[in-house]
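Trainee:
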Amino acid sequence: MQINRRDFLKKAGIAGVSLIAGGMLYKVFKGDDIISVTDQSNVNTRWAMLIDMKKCAGKPDCTDCIFACNKGHNVPEIADIRREIKWIWKADFESVFPENTNEYTDASVRSQNVIVACNHCENPPCVRVCPVGATWKRADGIVMMDHHRCIGCRYCMAACPYGSRSFNWKDPRRILSRNDINAEYPVRTKGVVEKCNFCAERIDTGKQPLCVEACTERAILFGNIADSGSEIRRALKGKHVLRRKAELGTNPEIYYLI
Amino acid sequence: MYDGMKIIPGIILFIVLVSFPVWYDSLNGSPELSDPELTHGKKYCVMPKEFMRSNHMVLLHEWRDSVVRDGNRGKVKAGSEAYDKSLSNSCMKCHASKKNFCDRCHGRLDVNPACWDCHNPPEETAHAN
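Sequences listed follow chains A and B, in order.
1 is the number of the first residue of the first sequence in my numbering; add one for each residue after it.
259 is the number of the first residue of the second sequence in my numbering; add one for each residue after it.
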């Protein structure tokens, strides 16, 4: 059998490319999937939040939860929307629940401003893309941020479908006034991403999140949704609740009663 | 030796320059190394003084990883008291002046840890200057 140099190179090339492509395809279809990596079936703590918009909408101008969070976590107030830092904030109904809005949605619903924060997704896209492990999901479901490791690449911000992450364009100490800083909680530094941490520092010591405590209407309920006897599970029973963009498969852990 | 008139003074000049820190200090005496100031009356730290002198940064990193990464916020015993694993909320409660505790050695050794970029140093009181 005769084979010339030209044919040999062609065939070797085709064989090489198909080997590599086959390996890639195998990984795509059979490799580790994020869903299986973050399997939650045998977890016994899973923190979640239930926000009752009926109670919240009674006081449309109230910002107690936002204020308490910002104060406790040294979140600076920045008016420029391209630079602002948000842990918990208000957004209009239609942008929070675009898939639950139609042209006949009642004005009373549409005009509501809904309280939003990081959803602490069961399948957090931000965690998937972080190249340095600065954000990760704890065993109890809290999506944590380690600002010591963050390199400020903002992949997580691009990945988050809820806009729950903010980048520090400026040193927050230049915006926060010295007397407003809660000395017990660190500020952030220029060039890191931050977001709501479900008050991990308080939950770990048996306290409720600041927003939950601050709400005089008791519109925010926080608890362990994996525990069938918990208050949040009882509150969910027999109710129809919404979650933000649940169709994306992120499995958000903030539930809304509308 | 060719060019001995250049090489030998060159070598001497080189040695003089390279050994500058040694002879400069031996002529002028080394600058005072002021001890970090302890502004508390407590007898016990979480670790012995000798360990802390050389390894406080290791301890702080371990605390950081334990609290932030593992959510392990248990307390650390020191004598009869228990402290949180926290720089601002434990260490700096006893060692209450950054200027007179941290900065005394860090400044002299030109070490610039990033701790205070985010963590809040205690307010410097007037007497601590």
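Every residue gets a Cβ at the ideal spot worked out from N, C-alpha and C, and that includes glycine.
What in chain A is Cβ-close to B/His377, meaning under 7 Å?
Mentor: For this step, residue 377 of chain B is matched to residue 119 along the second sequence. Pro186, listed in chain order.
Trainee: Is it a yes or a no for the stretch 213 to 221 of chain A touching the stretch 64 to 71 of chain A, going by three-plus beta-carbon pairs under 8 Å?
Mentor: Yes, the stretch 213 to 221 of chain A touches the stretch 64 to 71 of chain A.
Trainee: Counting only beta-carbon separations shorter than 9 Å, does B/Glu320 have a partner in chain A?
Mentor: Position 62 of the second sequence, counted from the first residue, corresponds to residue 320 of chain B. It does not: the Cβ of B/Glu320 has no partner Cβ on chain A nearer than 9 Å.
Trainee: Check for me: the alpha helix (DSSP H) holding A/Glu94 runs from which residue to which?
Mentor: As a position in the first sequence, residue 94 of chain A is number 94, starting the count at 1. Unbroken alpha helix (DSSP H) run through A/Glu94: Phe93 to Val96.
Trainee: With DSSP collapsed to three states, give me the class of B/Val280.
Mentor: Here the question's residue 280 of chain B lines up with position 22 in the second sequence. Reduced to three states, the DSSP call for B/Val280 is helix.
Trainee: What residues in its chain sit with their C-beta under 7 Å from that of B/Lys301, if we drop five residues either side in the sequence?
Mentor: The residue you call residue 301 of chain B lines up with position 43 of the second sequence. Cβ within range, chain order: Gly337.
Trainee: Pick from A/Trp169, A/Cys153 and A/Val109: whose alpha carbon is nearest that of A/Ile85?
Mentor: Position 85 of the first sequence, counting from 1, holds the residue named residue 85 of chain A. Minimum Cα distance to A/Ile85 is reached at A/Trp169.
Trainee: In this structure, does DSSP put A/Lys90 in helix, strand or coil?
Mentor: On the first sequence, residue 90 of chain A is found 90 positions in, with the first residue counted as 1. Strand at A/Lys90.
Trainee: With DSSP as the reference, please indicate the residues paired to A/Glu194 in a beta bridge.
Mentor: What you label residue 194 of chain A is simply residue 194 of the first sequence in a count that begins at 1. Beta-bridge pairing links A/Glu194 to A/Ser166.
Trainee: Specify, as a first and last residue, the run of the alpha helix (DSSP H) that A/Arg26 falls within.
Mentor: Counting from one through the first sequence, the residue named residue 26 of chain A turns up at place 26. The residue asked about is misnamed: residue 26 of chain A is Tyr in this sequence, not Arg. Here the alpha helix (DSSP H) through A/Tyr26 covers Arg5 to Lys30.
Trainee: Is there a Cβ from chain A that is less than 9 Å from the Cβ of B/Asn370?
Mentor: Residue numbering aside, residue 370 of chain B sits at position 112 when the second sequence is read from its first letter. False, the Cβ-Cβ gap to chain A never drops below 9 Å.
Trainee: Between the beta-carbon of A/Lys137 and the beta-carbon of A/Met144, is there less than 9 Å?
Mentor: As a first step, residue 137 of chain A is located in the first sequence; it is residue number 137 there, counting from the start. As a first step, residue 144 of chain A is located in the first sequence; it is residue number 144 there, counting from the start. Yes, the pair counts as a contact, with Cβ atoms nearer than the cut-off.
Trainee: Any C-beta of chain B within less than 8 Å: which residues of the stretch 197 to 211 of chain A qualify?
Mentor: Flagged, chain order: Ala200, Glu201, Asp204 and Thr205.
Trainee: Pairs of beta-carbons, one from the stretch 117 to 125 of chain A and one from the stretch 90 to 104 of chain A, closer than 8 Å: are there three or more?
Mentor: No: fewer than three Cβ pairs fall under 8 Å.
Trainee: What number of angstroms, rounded off, separates the C-alpha of A/Ser166 from the C-alpha of A/Val193?
Mentor: Within the first sequence, residue 166 of chain A is the residue found at index 166, counting from 1. Within the first sequence, residue 193 of chain A is the residue found at index 193, counting from 1. Whole-angstrom Cα-Cα distance: 5 Å.
Trainee: According to DSSP, is A/Ile254 part of a helix, a strand, or is it coil?
Mentor: Counted from its first residue, the first sequence places residue 254 of chain A at position 254. Of the three classes helix, strand and coil, the one that applies to A/Ile254 here is strand, per DSSP.
Trainee: With distances taken from CA atoms, which of A/Ile225, A/Arg233 and A/Cys130 is nearest A/Gly152?
Mentor: For the purposes of this step, residue 152 of chain A is taken as residue 152 along the first sequence, with counting starting at 1. Cα-wise, what sits closest to A/Gly152 is A/Cys130.
Trainee: Using a Cβ-Cβ cut-off of 6 Å (strictly less than) and excluding sequence neighbours within five positions of A/Gly223, which residues of its own chain qualify?
Mentor: Locating residue 223 of chain A in the first sequence gives position 223, where the first residue counts as 1. Only Ser230, Glu231 and Ile232 meet the Cβ criterion.
Trainee: Have a look at A/Ile258 and A/Lys195 and give me their C-alpha separation to the nearest angstrom.
Mentor: As a first step, residue 258 of chain A must be located in the first sequence, where it is residue number 258. As a first step, residue 195 of chain A must be located in the first sequence, where it is residue number 195. Near 24 Å, if we compare the C-alpha coordinates of A/Lys195 and A/Ile258.
Trainee: 9 Å is my cut-off, CB to CB: does A/Thr189 come that close to chain B?
Mentor: The residue labelled residue 189 of chain A in the question sits at position 189 within the first sequence. At least one chain B Cβ lies under 9 Å of A/Thr189.
Trainee: Taking only the alpha-carbon atoms, compute the straight-line gap between A/Lys11 and A/Ala21 and give it to the nearest angstrom.
Mentor: Walking along the first sequence from the start, residue 11 of chain A turns up at place 11. Walking along the first sequence from the start, residue 21 of chain A turns up at place 21. Answer to the nearest angstrom: the Cα atoms are 15 Å apart.
Trainee: For A/Leu50, does the three-state DSSP call read helix, strand or coil?
Mentor: Within the first sequence, the letter at position 50 stands for residue 50 of chain A. DSSP places A/Leu50 in strand when its eight states are reduced to three.
Trainee: In chain B, which residues lie less than 7 Å from A/Asp61 when you measure between Cβ atoms?
Mentor: For the purposes of this step, residue 61 of chain A is identified with residue 61 of the first sequence, where counting begins at 1. Near A/Asp61 there are no residues of chain B at all, since even the closest Cβ is about 32 Å away, more than 7 Å.
Trainee: Starting from the Cα of A/Ala288, find the closest Cα among A/Tyr255, A/Glu103 and A/Ile3 and give me that residue.
Mentor: This structure cannot settle anything about residue 288 of chain A, because the visible part of chain A is limited to 1 through 258.
Trainee: Can you check which of these residues, B/Met263, B/Leu291 and B/Ser312, is closest to B/Asn358 by C-alpha distance?
Mentor: Position 100 of the second sequence, counted from the first residue, corresponds to residue 358 of chain B. Among B/Met263, B/Leu291 and B/Ser312, the Cα nearest to that of B/Asn358 belongs to B/Leu291.
Trainee: Output needed for B/Gly394: all residues of its chain with C-beta closer than 8 Å, excluding positions within five of it in sequence on either side, in chain order.
Mentor: Nothing in the structure corresponds to residue 394 of chain B, since chain B is present only between 259 and 387.
Trainee: If we ignore side chains and look at the alpha-carbon of each, how far apart do A/Thr189 and B/Ala372 end up?
Mentor: For the purposes of this step, residue 189 of chain A is taken as the residue at position 189 of the first sequence. For the purposes of this step, residue 372 of chain B is taken as the residue at position 114 of the second sequence. When rounded, the distance between both Cα atoms is 10 Å.
Trainee: I need the straight-line Cα distance from A/Ile175 to A/Gly206, nearest angstrom please.
Mentor: By 1-based counting over the first sequence, the position of residue 175 of chain A is 175. By 1-based counting over the first sequence, the position of residue 206 of chain A is 206. Whole-angstrom Cα-Cα distance: 31 Å.
Trainee: With 16 other CB atoms within 10 Å as the buried threshold, where does B/Met263 fall?
Mentor: Within the second sequence, numbered from 1, the residue matching residue 263 of chain B stands at position 5. So B/Met263 counts as exposed.
Trainee: Could you name the residues of the same chain whose beta carbon sits closer than 8 Å to that of B/His364, not counting the 5 residues immediately before and after it, in chain order?
Mentor: Working through the second sequence from its first residue, we reach residue 364 of chain B at position 106. Here the set comprises Asn370 and Pro371.
Trainee: Would you mind stating whether B/Asn378 and A/Val187 have Cβ atoms separated by less than 9 Å?
Mentor: The residue you call residue 378 of chain B lines up with position 120 of the second sequence. The residue you call residue 187 of chain A lines up with position 187 of the first sequence. Cβ atoms of B/Asn378 and A/Val187: closer than 9 Å.
Trainee: For B/Ala336, write down the residues that DSSP places opposite it in a beta bridge.
Mentor: Mapped onto the second sequence, residue 336 of chain B falls at position 78. According to DSSP, B/Ala336 bridges with B/Glu339.
Trainee: Since A/Ala107 is in the alpha helix (DSSP H), which residue starts that stretch and which ends it?
Mentor: Counting from 1 along the first sequence, the entry for residue 107 of chain A is found at position 107. Where A/Ala107 is concerned, the enclosing alpha helix (DSSP H) stretches over Ala107 to Arg110.
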